[in-house]
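What follows is a single structure, written as structure tokens, with notes after it.
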Amino acid sequence: MERKTSIPPVVYINFALVFVLLFAIFFPEIRMAVTKLFASPKPISSSKQSQAIQIQTSFRNVYREAQQFVVSIRTKKTEMIFHPYAFGESREDRISSIGSGFIIDERGFVVTNYHVIKNAEIIEIIMSDGRIFPARYVGSHERADIALLKIPSNDRFTPAFLGNSDEIEVGDWAIAVGSPYGLEKTFTVGVVSAKSREDLDETGQTHIQTDTAINPGSSGGPLLNIYGEVVGINRMIRSSSGASAGIGFAIPISYAKRVLRQIEQNVGQNIRPATLGVMATAPLPDHRKSLGIPGETVGVLVYDIEPNSSAEKGGLRRYDFIEGANGLQIRHINDLREQVGLVGLGGVLRLKILRDTQEMELSIPLVEAAYKKGQ
């Protein structure tokens, strides 16, 4: 019987590869045509777009740095759900929500907004690499809307670099990284629209305004400058629809640093809002003359005090001129309000005052208000 030999398929494949190689060597014009067919030519050359490419590279650099310290924060709490069609019927359900935060210490301390974790029964921190840690509550400041958490791990984490928000200018690049609508590691870019926005809400603290897209879920994430430094904590938006309308607000990081020091001194507690119970304003020239307040002295003049308030119980009087609080100069009433907010309920406010042309110092415990307006 005659024996047939079959050629292995690999031989045919090798012959085909050799043929393609020889074809490409001896017919370079065809090779170039094929290359162009599969290439993706750029309509505008790189040389014409050099400045735009530099900016693009800068944004990429910021994102690579930020994704190491930006985290998502998932909270769960039980809420009562009422039946929409059956009156009186309800059930308990566990609701999840997503916010943002960032690492400020290699030991795993994480900053976010207080309203992100308020009333949460379970808090989880989701890292950029997908790891999930149960968060430990360290403390919070309700009025400042800042909370501090801890990742319970012995690992070393990459922290953010906290910049100086006092140095920012209107028109500076402003970059937000967070989890809007639960979409983790979202990167948006805008500019600083305004500095020191005051009286946006009951906190009275100043905010950085930006047109950087901030949406629900972005709260607690960092606002970065072009160097990748954190200059603010994204907090809220102003919009009739509830979505970003180009008006977002962030807590200046210089103020947040002072709040974090207060939280560190009150570990395990939520520092609640407090009031001093005074009405004060910048003095008029006649006031300065009659009360003996030097013309160059900066401060606010107390013109009324609520009965049974912290101010009254602490010894503050009408026509006291407040020059400083907690070692800082008071320029206007918002400075005083900020210091009261920093200390919080149960803390002690240290005031430097001018009374009857004599300088004095008062230590005023901030207590629960025991009065009602009109009484």
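For the sequence shown, position 138 (counting from the first letter as 1) is numbered 1375 according to our numbering, and the numbering increases by one without interruption.
Virtual Cβ for every residue (Gly too), placed ideally from N, Cα, C.
For residue i, does the count of other Cβ atoms within 10 angstroms reach 16, so buried, or fall short, so exposed?
i: T1594; result: exposed
i: M1364; result: buried
i: A1303; result: buried
i: R1574; result: buried
i: F1252; result: exposed
i: Q1576; result: buried
i: P1245; result: exposed
i: V1407; result: exposed
i: I1221; result: Since the displayed the chain opens at 1238 and closes at 1612, residue 1221 lies outside it and no answer follows.
i: P1474; result: Checking the displayed sequence, the identity of residue 1474 turns out to be Ile instead of Pro. The residue in question, I1474, is buried, as its Cβ has 16 or more Cβ neighbours within 10 Å.
i: Q1286; result: exposed
i: V1585; result: exposed
i: D1438; result: exposed
Once DSSP output is grouped into helix, strand and coil, what is the label at residue i?
i: G1427; result: strand
i: G1611; result: Interpretation of G1611 is limited by its pLDDT of 41, a score under 50 that renders its predicted location unreliable; the figure taken from the coordinates is listed afterwards. It is coil, neither helix nor strand.
i: N1471; result: strand
i: E1361; result: strand
i: G1415; result: strand
i: H1524; result: helix
i: Q1566; result: strand
i: N1401; result: coil
i: A1482; result: coil
i: F1252; result: helix
i: K1550; result: helix
i: E1501; result: helix
i: P1602; result: strand
i: P1246; result: helix
i: A1493; result: helix
i: E1343; result: coil
i: L1437; result: coil
i: Q1576; result: helix
i: N1507; result: strand
Just to confirm the assignment, what range does the beta strand (DSSP E) spanning residue i have?
i: K1387; result: I1383 to K1387
i: I1542; result: V1537 to I1542
i: F1486; result: G1485 to P1489
i: Y1374; result: R1373 to H1378
i: K1279; result: Premise fails: K1279 is in no beta strand (DSSP E) and is neither H nor E.
i: K1589; result: V1585 to R1592
i: T1185; result: Limits of the chain in this structure are 1238 at one end and 1612 at the other, which puts residue 1185 out of reach.
i: A1517; result: V1515 to T1518
Could you spell out where the alpha helix (DSSP H) holding residue i opens and where it closes?
i: I1292; result: S1287 to A1303
i: I1354; result: Y1351 to I1354
i: S1390; result: Neither: S1390 is in no alpha helix (DSSP H) and is coded neither H nor E.
Can you tell which of the options has its C-alpha closest to the C-alpha of residue i?
i: Y1374; options: G1505, N1350, G1408 and W1410; result: G1505
i: V1535; options: I1559, G1479, S1430 and K1432; result: I1559
i: K1314; options: R1297, E1302, Y1300 and S1334; result: S1334
i: G1529; options: I1332, E1316 and D1557; result: D1557
i: I1445; options: P1459, S1455, A1253 and S1430; result: S1430
i: V1539; options: A1519, N1545, G1583 and P1371; result: A1519
i: E1404; options: L1461, R1555, S1476 and N1503; result: L1461
i: I1470; options: F1398, G1578 and D1523; result: F1398
i: S1476; options: L1586, I1488 and A1450; result: A1450
i: N1391; options: A1381, N1545, D1382 and F1370; result: F1370
i: Q1502; options: P1459, K1550 and L1579; result: L1579
i: G1483; options: R1509, T1447 and K1494; result: T1447
i: I1463; options: K1279, S1295, I1590 and I1290; result: S1295
i: K1589; options: G1514, V1537 and L1437; result: V1537
i: P1531; options: R1554, E1596 and N1571; result: E1596
Problem - Segment contact, 8 Å Cβ cut-off, at least three pairs: the region 1308 to 1317 with the region 1353 to 1365 - result: Yes, the region 1308 to 1317 touches the region 1353 to 1365.
Practice task
Check whether the region 1380 to 1399 touches the region 1343 to 1357, counting contact only when three or more Cβ pairs, one atom from each stretch, lie closer than 8 Å.
Solution key: The answer is yes - the region 1343 to 1357 touches the region 1380 to 1399, with three or more Cβ pairs under 8 Å.
Exercise for the section: Take every Cβ of the region 1596 to 1604, pair it with every Cβ of the region 1542 to 1550, and state whether three or more of those distances are shorter than 8 Å. Expected result: Yes, they touch.
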